[in-house]
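Residue numbers (my numbering): -15 to 374.
Glycine included, C-beta positions come from ideal geometry on N, C-alpha and C.
Here's the structure we're looking at; comments come further down.
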Ligand code: APR
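Here it is in structure tokens:
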């Protein structure tokens, strides 16, 4: 087995792993990323697209914000719609904005910057294993092209997503996982058609939630609620557009431009939080530790916030004195932020989705929407949560 040594091994080249790697590169902290998939696969994965202010700042800090500044669209609020009503939630209430910029672009920016700086990433590895993370000398092994490798390190960053190996390697009794599955999912389409509106709209329809979102002035991302267990094979673009148009409020339906699907997918709506996020010298970041339904656009932002917090801890440790202060508080500090984002995603899902045939539930939603429309305090709360809490 070929053996090498580095300071930090990062498992996973998603947004959390790539951002952590970029911040470490800038700081001159030696590290290696190992990734299950190919670079092309990682680069083309279509997912989130709304960036909170702290995410924008983290990308600036990592030196990968140039294209984002040029190509992202500012998002100064969003529309909440139900029946024939529309309410604009204005982020000016909290003096903040968010930005719309597709995750594929962030991934590409981070990968390009990593290549330029000569960061080491081993793609298409298999059988990644973490060892001795409860000691001062952890190590990671993996296989590539039929050969086995070992990397000794000071720390392991588990940025390997919800199905990754790092969390699963922790003895069961040391980790508590809190799970909640909503009884529905989202059917999504990505298409090169002009968006209905530059405002993202969240729409509570009696037959189920729908959302109008966008990736640019020419690329739209639309979703609607489908029952649990719905299969993608029953949907093509034509059927998607017909159902989407049917649920849209009249004020938007006439603006809808349909087109071929670049991508269609079904996402189950689930929350899961694992605590703690630190096990000796192994730290979990991003989806490896928590997932949320996409309703609040929090997943990517949470992954970025974790990666930055972990970076600050590692920076402090390597600043000279091997100070573990920030690494010791990483889990508690991250979880405090995580739970607030999980709560907001859960609450927005409750407000906007069809949960049952019981008309009482719908009346509760309508009463809450009515209240929000009359209360600046309630709108401020939504804006504050959407733009990102610390
Ligand atoms: N070994 C190496 N790499 C692995 C392994 C493994 N055993 N298991 C998974 N990976 C890789 C995956 O292939 C993936 O590229 O880890 C990466 C994890 O990336 P993500 O799943 O994107 O997770 P994260 O970086 O935390 O970002 C999560 O971004 O896409 C948004 O909203 C989305 O919440 C999500 C957030």
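Item: Straight-line gap, residue 205 to residue 78 (C-alpha atoms, nearest Å); Value: 26 angstroms
Item: Alpha-carbon to alpha-carbon, residue 294 and residue 311; Value: 7 angstroms
Item: Residue 123 versus residue 164 - alpha carbon distance; Value: 33 angstroms
Item: Contact under 9 angstroms by Cβ, residue 289 with residue 327; Value: no
Item: CB contact flag (residue 43, residue 52, <9 angstroms); Value: yes
Item: CB of residue -5 within 9 angstroms of CB of residue 15, strictly; Value: no
Item: Beta-bridge partners of residue 163, as assigned by DSSP; Value: 256
Item: Distance cut-off 8 angstroms: residue 137 Cβ against heavy atoms of the ligand APR; Value: no
Item: C-beta atoms of residue 169 and residue 250 nearer than 9 angstroms; Value: yes
Item: Boundaries of the alpha helix (DSSP H) in which residue 22 is found, first to last residue; Value: From DSSP, residue 22 is part of no alpha helix (DSSP H); its letter is neither H nor E.
Item: Inter-stretch contact at 8 angstroms, needing at least 3 Cβ pairs: the region 324 to 340 / the region 178 to 195; Value: yes
Item: Cβ neighbours of residue 160 in the same chain (closer than 6 angstroms, five flanking residues each side left out); Value: 259
Item: Exposure label - residue 76; buried when at least 16 CB within 10 Å; Value: exposed
Item: CB contact flag (residue 243, residue 226, <9 angstroms); Value: no
Item: Heavy atom of the ligand APR within 8 angstroms of residue 275 beta-carbon; Value: yes
Item: DSSP state of residue 189 mapped onto helix, strand, coil; Value: coil
Item: 9 angstroms Cβ cutoff met for residue 71 and residue 353; Value: yes
Item: Where the alpha helix (DSSP H) containing residue 371 begins and where it ends; Value: 360 to 371
Item: 8 angstroms contact criterion, which residue 133 and residue -14 should meet: CB distance rounded; Value: 5 angstroms
Item: Local Cβ density within 10 Å of residue 277, reported as buried at 16 or more and exposed below that; Value: buried
Item: Proximity test, residue 129 beta-carbon vs the ligand APR heavy atom, cut-off 8 angstroms; Value: no
Item: Three-state class that DSSP yields for residue 128 in the structure shown; Value: strand
Item: Stretch pair the region 28 to 41 + the region 81 to 97: three plus CB contacts closer than 8 angstroms; Value: yes
Item: Boundaries of the beta strand (DSSP E) in which residue -14 is found, first to last residue; Value: -14 to -11
Item: Residue 248: CB within 8 angstroms of a non-hydrogen atom of the ligand APR; Value: no
Item: Cβ contact check for the region 10 to 26 and the region 103 to 117: 3 or more pairs under 8 angstroms; Value: yes
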